[in-house]
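Numbers 1 to 239, taken from UniProt numbering, label the letters of the sequence shown in order.
Cβ coordinates follow ideal geometry from the N, Cα and C atoms, glycine included.
Remember, it's a predicted structure, so these values are computed and weren't measured experimentally.
Data first, discussion second: the structure below is written as structure tokens.
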Amino acid sequence: MSTIRDGIFCYLHNPVEFVANNRRISTENFVNRFCSSGTDREKCSSITEQSPKRIKFAVVRDPIDRFLSGYADKCYPKRLPLPPERCFGCEQNINCFVETLLSKLRSIIRDPHATNYMETSHFAPQTWSCNFKEHLYDYTIIKYESGPQGIRDIATQFDNIFSLAGVPDYYRSEIQKEMLIGKTIHTTSGTDLRRHVENLLYSNRTLLRMITQLYYFDFIVFGFKFPNFTEISANFNTS
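And the structure:
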């Protein structure tokens, strides 16, 4: 979702130049994105000071769904081999990855200046983002769900926010069209790889419990349902 979100705001930043360079919101990606990171802001407070009436919204996702999607996308090779250090050098060992991730995140809690890896940025709890500790109630929270209906729902919610912000109809229509395509280069939903990763997690009760504990406050703060261990045990050969 962050990929298409970045594409949307890049388009809105300079729509004429974006289109003139034959760019599309749905095909933008981090490696060759049209907009630099110069338009990004790291702290909510700095944005609020610049424009107190700015509309603020955040997209959140079911923690388990988010983990599975990220792990399948980041830790499995696609067209090219992964760098050896990717996913903490664990290759496709999900136990190694989760244990190392937890260790690195604990280091960040103890020392905010500890090394922040790509993996810790992508897999840290969502409650660590967006200055939620101070600004949670300043945001409109949008819940992202996978699948065709989830895509339609989030496209509608984005359009409502852009309407409130005064984004012209033509730009909103273009954003809607691109969002409804529903897939980016990072999409894993419905793939054999995603089903494989789900089986790795759901068949390991200890691992699933570790992930659930890691994202405990994501479940609580954003109102997501905790995994039903009894139901999962009935559908997967858990250990």
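Check: What residue from PHE88, SER103 and ALA124 has the CA that sits closest to ASP218's CA?
Finding: ALA124
Checklist line | Buried or exposed by the 16-neighbour rule on C-beta atoms within 10 Å, applied to THR230 | finding: exposed
Checklist line | Spatial neighbours of ILE211 in its chain, beta-carbon cut-off 8 Å, leaving aside the 5 residues before and after | finding: PRO63, ILE64, PHE67, VAL98 and LEU201
Margin query: Quick check on the burial criterion: 16 or more other C-beta atoms within 10 angstroms. Buried or exposed for LEU80?
Written below: exposed
Notebook entry, point to check: Using the rule of at least 16 other Cβ atoms within 10 Å of the residue's Cβ for burial, across every protein chain shown, is ARG61 buried or exposed?
Noted result: Result: buried.
Next item on the list: Would you give the residue range spanned by the beta strand (DSSP E) that TYR142 belongs to?
Entry: Looking at the sequence provided, one finds Ile at residue 142 rather than Tyr. Unbroken beta strand (DSSP E) run through ILE142: 140-144.
Check: For the alpha helix (DSSP H) that VAL167 lies in, which residues bound it at each end?
Finding: Here VAL167 belongs to no alpha helix (DSSP H), and DSSP marks it neither H nor E.
Check: ALA234 lies in the alpha helix (DSSP H); which residues open and close that run?
Finding: 229-235
Check: Tell me the DSSP bridge mates of ARG106?
Finding: DSSP lists no partner for ARG106.
Item checked: Residue closest to SER121, alpha-carbon to alpha-carbon, out of LYS143, TYR71 and GLY147 -> TYR71
Next item on the list: Since I believe ASN95 is in contact with LEU207 (beta carbons under 8 Å), could you give me their beta-carbon distance rounded to a whole number of angstroms?
Entry: 6 Å
Item checked: Buried/exposed call for PHE18, threshold 16 Cβ in 10 Å -> buried
Note to self: On the DSSP bridge list, what partners appear for PHE57?
What the structure shows: THR140
Notebook entry, point to check: What does a CB cutoff of less than 8 Å around ILE4 pick up in its chain, not counting 5 residues either side in sequence?
Noted result: ILE25, SER26, GLU28, GLU178, MET179 and THR184
Check: Along the chain, where does the alpha helix (DSSP H) that runs through GLU198 open and close?
Finding: Residue range 192-202 is occupied by the alpha helix (DSSP H) that includes GLU198.
Checklist line | Spatial distance of ILE175 from ASP6 (CA atoms) | finding: ILE175 and ASP6: Cα-Cα distance of roughly 12 Å.
Check: Hey, HIS135 and LYS53: beta-carbon distance below 9 Å or not?
Finding: no
Next item on the list: Can you give me the Cβ contacts of LEU193 inside the same chain, cut-off strictly under 8 Å, excluding the 5 residues immediately before and after it?
Entry: ALA72 and TYR76
Next item on the list: Assign GLN92 to one of three DSSP states: helix, strand, or coil.
Entry: coil
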